[in-house]
Amino acid sequence: MQRFFVNPEEIQGQEVVFAPARSRQIARVLRLKNGQNCMVLDNRGGELLVELTQVEAGACRAVIVERAEAQRERIDLLMLLSLTQREKFEWMLQKCTEVGVSTFQPVITSRSLVQQPVQTIAKYERWKTIIWEAAEQSARSRLPELLPPAGLAEAVAEAARRCQRCLIPWEGEKARTLKGALAGPAVGSVALFIGPEGGFAEGEVQQAVNASFNVVTLGRRILRMETAAVVSAALVLHELESTEADDGGTGSSGPIG
């Protein structure tokens, strides 16, 4: 069944009036028909089973058949991603959304290909679209948040404020693993900082450590930036969700922010 995130103003009483861009997708790309059902998500935890009543390229409508509350994702994962080549950065946004990342923080590091936030303005809406589509495809109940690009000092400080545990994978660390760093009292929010191609410059890891980040290893192999992002996100979520299941779901949780 097709799933669509909609803006609050598109839900009007017992009816959903889809925006023009979404209407074109429903009518021309997906070729859905009157009478077909789909799932509409309001990005506030609500899931609406709807039946299409009008399918036209510029105007699609649906009547709400059933309302339900989506199960809240128990682990909030904030991913700090160093800005890199367009294709790689967009791939990381897509795949990390599918894995379960809750918030993305683009970071300008000394080795980032982009050095000024203004250079990302034209890309920001495209990034949101990529996240939106990946969230629909992977049956997420809420859209991940995309924060504005920030410098390293600002980004690590904000992550430390938001999250209970902050981790930075680094090839210089040989002992502390992700599993070891996540051991102890249950946490509901974690930050992961993925460095740029070529690694962090001298002093950048220490800046993160000074902001309460723990340095961890991802193993003996050196991973590409985009590989490290997806692997570390999946490992963190698996570890915390497994721990929560073992504890009977009593771990600490709560939204980032």
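Numbering (the numbering used here), first residue to last: 2 to 258.
Just so it is clear, CB atoms sit at the ideal spot from N, CA and C, and this is done for glycine as well.
Tell whether a beta-carbon distance below 8 Å holds between Ser113 and Pro145.
no
If you follow the alpha helix (DSSP H) that Glu205 is in, where does it begin and where does it stop?
205 to 211
Taking the alpha carbon of Thr110 as the point to measure from, which residue in Leu81, Leu153, Gln138, Pro186 has its own alpha carbon closest?
Leu153
Check for me: the beta strand (DSSP E) holding Phe105 runs from which residue to which?
104 to 109
Drop a sphere of 10 angstroms on the beta-carbon of Ile132, count the other beta-carbons inside from all chains shown, and report buried for 16 or more, exposed for fewer.
buried
Applying the 10 Å Cβ sphere with the 16-neighbour rule, what's the burial state of Ser243?
exposed
Assuming Ala63 is part of the alpha helix (DSSP H), what are its boundary residues?
Here Ala63 belongs to no alpha helix (DSSP H); instead the beta strand (DSSP E) covers 60 to 70.
Are the beta-carbon atoms belonging to Glu48 and Met40 less than 8 Å from one another?
yes
Can you look up Phe88 in the DSSP assignment and give me helix, strand or coil?
Position check: residue 88 holds Glu in this sequence, whereas Phe was assumed. Glu88 falls in the helix class under three-state DSSP.
So which of Asn215, Val108, Glu70, Ala151 has the shortest CA-CA distance to Leu179?
Asn215
Assuming Val191 is part of the alpha helix (DSSP H), what are its boundary residues?
Unbroken run through Val191 is the beta strand (DSSP E), 190 to 195; no alpha helix (DSSP H).
From what residue to what residue does the alpha helix (DSSP H) around Ile131 run?
122 to 138
Among Ser83, Ala20, Asn35, which one has its Cα closest to the Cα of Ala230?
Ser83
Where Pro170 falls: helix, strand or coil (DSSP)
strand
Own chain residues within Cβ distance below 6 Å of Ala161, not counting five before or after
Cys167, Ala212, Ser213
Distance check for Ala156 and Gly252, CA to CA, integer angstroms please.
Confidence at Gly252 is low in this model, with a pLDDT of 46, below 50, so its placement is unreliable and the value that follows should be read with caution. Cα to Cα, Gly252 sits roughly 26 Å from Ala156.
Hey, quick one: how far does the alpha helix (DSSP H) through Leu79 stretch, first residue to last?
No alpha helix (DSSP H) holds Leu79; the beta strand (DSSP E) holding it covers 77 to 83.
Under the assumption that Trp92 contacts Glu227 (Cβ atoms under 8 Å), give the Cβ distance between them as a whole number of angstroms.
6 Å
Give me whichever residues DSSP pairs with Thr54 in a beta bridge.
Answer by DSSP bridge pairing: none, since Thr54 is not bridged.
Would you report the Cα separation of Leu148 and Phe194, rounded to the nearest angstrom?
14 Å
Cα separation between Arg222 and Arg87?
25 Å
Endpoints, beta strand (DSSP E) assigned at Arg25:
Where Arg25 is concerned, there is no enclosing beta strand (DSSP E), although the alpha helix (DSSP H) it sits in stretches over 21 to 25.
Beta-carbon within less than 6 Å of Leu241's beta-carbon, same chain only, minus the 5 sequence neighbours each way: which residues are those?
Ile76
Give me the residue from Ala63, Gly173, Leu78, Cys164 with the minimum Cα distance to Ala235.
Leu78
Quick check on Met80: buried or exposed, where buried means 16 or more other Cβ atoms within 10 Å of its Cβ?
buried
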